[in-house]
Ligand SMILES: [Ca+2]
Ligand SMILES: [Ca+2]
Ligand SMILES: [Ca+2]
């Protein structure tokens, strides 16, 4: 946020004052502008109120066996396709049956954990055979697509059509979003612009692969199993693609082609009509900023403020932050630098909290707004975090209290397949049994209270983060919001150690009543420090309602906001 919120507030106040000049209430409007407390907030992005549960749909829950198509693919079948590893370990590169019905069946489970939004892997139609090109994938392998299917959804053949494995006769994508909205959940759709499906190196050209169909089912592009350098740009079916490869054997869509732009952007608009509330953008860094600017302008022209976050799988904050700049489309990003730092702190490396400091970028950072980032510690494209139960608990305590919009990958509530990579178990089928037994798990039990505290505490959602302590097993910080909807200070105390930790907070302490949000214990601070003992691997969130009363804190927060 390069224009400070204070400046915006003053501009608004000035505008209000000018319009008030036409009425008789000039004096009271001016007086109000002077006495109104300054706005304090990290962000005014509405999506900051959400916490996102990320579901790889095919691997979550099979809610409808009639859409499993277990015999699909003929001599290149698509069902299960198990890769066996040592010691009984395995992964799968075929379809496993998960579907939209399985998600809808578990709306209560998702809500009970404290999530308010669900991000699904792409819903679009993918080829109906296993891929025969590339090199054969084996257990633990990577960057090879041979023998794999589009169970993950990232190999679109029709960007306008739902894959037959995901929808049911009685549950279209629109029905799915309606069910989610009725339950008070928001929907995040996963979209791709960089590529279609694997498109060359097949011994014999296969149906679906390299092909792209429009909303009416007409073939609009066909790679023809040709190496990209052999494509003929004068052939309309081949003009959709760049004549050079990008990621493995995936077709490389030519985003500078006006027809491709229309095809892609209209498909995104279509999914918004079907009920998408936000987009996660796959492989965003493989497509130039110029496309994203056009895309975001066209999306937000029809849907002002539509929230989007991209996957720029890169650990250089200065690089990934480029997407967040208005000139590049003002698209937020997944916070990869923080993800790496979190794994180093909460995983087996067990670094101290200080290792998280550099990734926060609370002031003078490269991001348009660091508070709008989506924060996470692992996902489907990297090894799941290798951590103990306590490591996951400590990670969630940080994720749901520090800046950013938390995203948790399905299964983390039970530490599912921890430490495993994509083809060694990370994407294994989770299933209804594990969902049903999750409430007995220690990670789940600790996640529920802190996720609910974030859900009811505006300061944790959009408040400025003011650091007090970040060292070893201890962290302490304030989150402060003061706007037209909320005025509160949250004091977050974190202890990732194995013994209880005593805190005595005196720094810029504000007088008044503070209430801890998990225990409901209250204390009155009146010149004395706020003292508390935080249990091993515990978190406390002390909230004081009201405007900021400490002038030193107020100045510091205004300064922080102006330098965000
Ligand atoms: Ca199914
Ligand atoms: Ca299909
Ligand atoms: Ca590309």
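Residue numbers (mature numbering (1 follows the signal peptide of the UniProt record, and there is no 0)): -20 to -1, 1 to 544. Where a beta carbon is used, it is the ideal one built from N, C-alpha and C, also for glycine.
Helix, strand or coil for residue 125 per DSSP? Counting from one through the chain shown, the residue named residue 125 turns up at place 145. In this structure, residue 125 counts as coil in the three-state DSSP scheme.
Sheet register partners of residue 62 (DSSP bridge): Within the chain shown, residue 62 is the residue found at index 82, counting from 1. 72.
Sorted by chain position, which residues of the same chain lie with C-beta nearer than 7 Å to residue 298's C-beta, five sequence neighbours on each side aside? Numbered from its first residue, the chain shown carries residue 298 at position 318. Excluding residues up to 5 positions away in sequence, 346 lie with their Cβ nearer than 7 Å to the Cβ of residue 298 in the same chain.
The stretch 201 to 221 in contact with the stretch 165 to 174 per 3-pair CB rule at 8 Å: Contact between the stretch 201 to 221 and the stretch 165 to 174 is absent: fewer than 3 CB-CB pairs across the two stretches fall below 8 Å.
Name all residues in chain order for which at least one heavy atom of ligand 2 lies closer than 6 Å to the residue's CB. Selection output, chain order preserved: 105, 106, 108, 143 and 144.
Using a Cβ distance threshold of 8 Å, determine whether the stretch 198 to 215 contacts the stretch 138 to 149, with at least three qualifying pairs required. By the Cβ test, the stretch 198 to 215 is not in contact with the stretch 138 to 149, since fewer than three Cβ pairs between them sit closer than 8 Å.
Does the beta carbon of residue 308 fall short of 6 Å from some heavy atom of ligand 3? As a first step, residue 308 is located in the chain shown; it is residue number 328 there, counting from the start. It does not: the Cβ of residue 308 is nowhere closer than 6 Å to a heavy atom of ligand 3.
Tell me whether residue 94 sits in a helix, a strand or coil according to DSSP, three-state version. In the chain shown, residue 94 corresponds to position 114, counting from 1. Residue state, collapsed to three classes: coil.
Through-space distance from residue 303 to residue 348, alpha-carbon basis: As a first step, residue 348 must be located in the chain shown, where it is residue number 368. As a first step, residue 303 must be located in the chain shown, where it is residue number 323. C-alpha of residue 348 to C-alpha of residue 303: approximately 9 Å in a straight line.
Assess, as a yes-or-no matter, whether the stretch 435 to 446 is touched by the stretch 98 to 109 under the definition of 3 or more beta carbon pairs within less than 8 Å. When Cβ pairs closer than 8 Å are counted between the two stretches, the stretch 98 to 109 is seen not to touch the stretch 435 to 446, the count staying below three.
Can you give me the C-alpha to C-alpha distance between residue 4 and residue 437, rounded to a whole angstrom? Residue numbering aside, residue 4 sits at position 24 when the chain shown is read from its first letter. Residue numbering aside, residue 437 sits at position 457 when the chain shown is read from its first letter. In this predicted model, residue 4 has a pLDDT of only 37, less than 50, meaning its place in the structure is not dependable enough to derive any value.
Could you pull the start and end residues of the beta strand (DSSP E) that residue 175 belongs to? Here the question's residue 175 lines up with position 195 in the chain shown. If you look at residue 175, you'll find it in the beta strand (DSSP E) that goes 175 to 178.
By a C-beta neighbour count over all protein chains shown, 10 Å radius and 16 as the cutoff for buried, is residue 508 buried or exposed? Sequence index remark: in the chain shown, residue 508 carries index 528 (1-based). Residue 508 counts as exposed, since fewer than 16 other beta carbons sit within 10 angstroms of its beta carbon.
Alpha carbon to alpha carbon, how far is residue 114 from residue 499? Give it in angstroms, no decimals. Taking the first residue of the chain shown as 1, we reach residue 499 at position 519. Taking the first residue of the chain shown as 1, we reach residue 114 at position 134. In this structure, the CA atom of residue 499 is about 56 Å from the CA atom of residue 114.
Where residue 97 falls, given that 16 or more other Cβ within 10 Å makes a residue buried: Sequence index remark: in the chain shown, residue 97 carries index 117 (1-based). With 16 or more other Cβ atoms within 10 Å, it is buried.
Would you say the beta carbon of residue 377 comes nearer than 6 Å to a heavy atom of ligand 3? The count along the chain shown starts at 1 and reaches residue 377 at position 397. Not under cutoff, so the answer is no.
Assuming the contact rule is C-beta atoms closer than 8 Å, residue 258 and residue 27 should be a hit. Round their C-beta distance to whole Å, please. The residue labelled residue 258 in the question sits at position 278 within the chain shown. The residue labelled residue 27 in the question sits at position 47 within the chain shown. Their Cβ separation, rounded to whole angstroms, is 6 Å, which keeps residue 258 and residue 27 in contact under 8 Å.
Three-way DSSP call (helix, strand, coil) for residue 413 in this model: As a working note, residue 413 is residue 433 in the chain shown. Annotated three-state conformation of residue 413 is helix, per DSSP.
Can you tell me whether residue 480 is buried or exposed, with buried defined as 16 or more other CB within 10 angstroms of its CB? In the chain shown, residue 480 corresponds to position 500, counting from 1. The residue is exposed, with fewer than 16 neighbouring Cβ atoms inside 10 Å.
Note the first and the last residue of the continuous beta strand (DSSP E) segment covering residue 362. In the chain shown, the residue the question calls residue 362 occupies position 382. Unbroken run through residue 362: none, as it is neither H nor E.
Return yes when at least one heavy atom of ligand 1 lies under 6 Å from the C-beta of residue 77, else no. Translated into the one-based positions of the chain shown, residue 77 becomes position 97. For residue 77, the CB falls within less than 6 Å of some heavy atom of ligand 1.
Check whether the Cβ atoms of residue 272 and residue 168 lie closer than 7 Å to each other. Numbered from 1 along the chain shown, position 292 holds the residue referred to as residue 272. Numbered from 1 along the chain shown, position 188 holds the residue referred to as residue 168. In this structure, residue 272 lies away from residue 168, with their beta-carbon atoms at least 7 Å apart.
Between residue 111 and residue 332, what straight-line distance do the alpha-carbon atoms span, to the nearest angstrom? If you number the chain shown from 1, residue 111 lands on position 131. If you number the chain shown from 1, residue 332 lands on position 352. C-alpha separation (whole angstroms): 45 Å.
Please state whether DSSP places residue 281 in a helix, a strand or coil. Along the chain shown, one-based indexing puts residue 281 at 301. Reduced to three states, the DSSP call for residue 281 is helix.
Tell me the rounded alpha-carbon separation between residue 386 and residue 380. Residue mapping note: residue 386 aligns to position 406 of the chain shown, counting from 1. Residue mapping note: residue 380 aligns to position 400 of the chain shown, counting from 1. So the two alpha carbons sit approximately 6 Å from each other.
Straight-line CA distance for residue 138 to residue 38? Residue 138 sits at position 158 when you count from the first residue of the chain shown. Residue 38 sits at position 58 when you count from the first residue of the chain shown. Taking the straight line from one Cα to the other gives about 18 Å.
Residues near ligand 3, criterion Cβ-heavy atom distance below 5 Å: Matched residues: 174, 226, 232 and 266.
Using only CA atoms, which one of 135, 352 and 290 lies nearest to residue 382? Position 402 of the chain shown, counted from the first residue, corresponds to residue 382. Distances from the alpha-carbon of residue 382 to those of 135, 352 and 290 put 352 closest.
Does the beta carbon of residue 72 fall short of 6 Å from some heavy atom of ligand 1? Against the chain shown, residue 72 aligns to sequence position 92. If you check the C-beta of residue 72 against ligand 1, you find no heavy atom less than 6 Å away.
Look at the alpha carbon of residue 67 and the alpha carbon of residue 40, and state the distance between them as a whole number of angstroms. Taking the chain shown and counting its residues from 1, the one referred to as residue 67 is at position 87. Taking the chain shown and counting its residues from 1, the one referred to as residue 40 is at position 60. Answer to the nearest angstrom: the Cα atoms are 24 Å apart.
Residues bridged to residue 276 by DSSP? As a working mapping, residue 276 is identified with position 296 in the chain shown. According to DSSP, which records beta bridges pairwise, residue 276 is partnered with nothing at all.
When you compare each of 86, 85, 188 and 456 to residue 130 by their alpha carbons, which one comes out closest? Stepping through the chain shown from its first residue, residue 130 is reached at position 150. Closest option to residue 130, judged by alpha-carbon separation, among 86, 85, 188 and 456: 188.
Identified DSSP bridge partners for residue 116: Within the chain shown, numbered from 1, the residue matching residue 116 stands at position 136. Note: residue 116 sits in a beta bridge opposite 126.
Using only the alpha-carbon positions, how far apart do residue 533 and residue 491 sit? The residue given as residue 533 occupies position 553 in the chain shown. The residue given as residue 491 occupies position 511 in the chain shown. About 12 Å.
Between the Cα of residue 488 and those of 524, 496, 18 and 531, spot the shortest distance and give me the residue it belongs to. As a working mapping, residue 488 is identified with position 508 in the chain shown. With distances taken between Cα atoms, residue 488 lies closest to 531.
Through-space distance from residue 20 to residue 228, alpha-carbon basis: Within the chain shown, numbered from 1, the residue matching residue 228 stands at position 248. Within the chain shown, numbered from 1, the residue matching residue 20 stands at position 40. Rounded to the nearest angstrom, the two C-alpha atoms are 46 Å apart.
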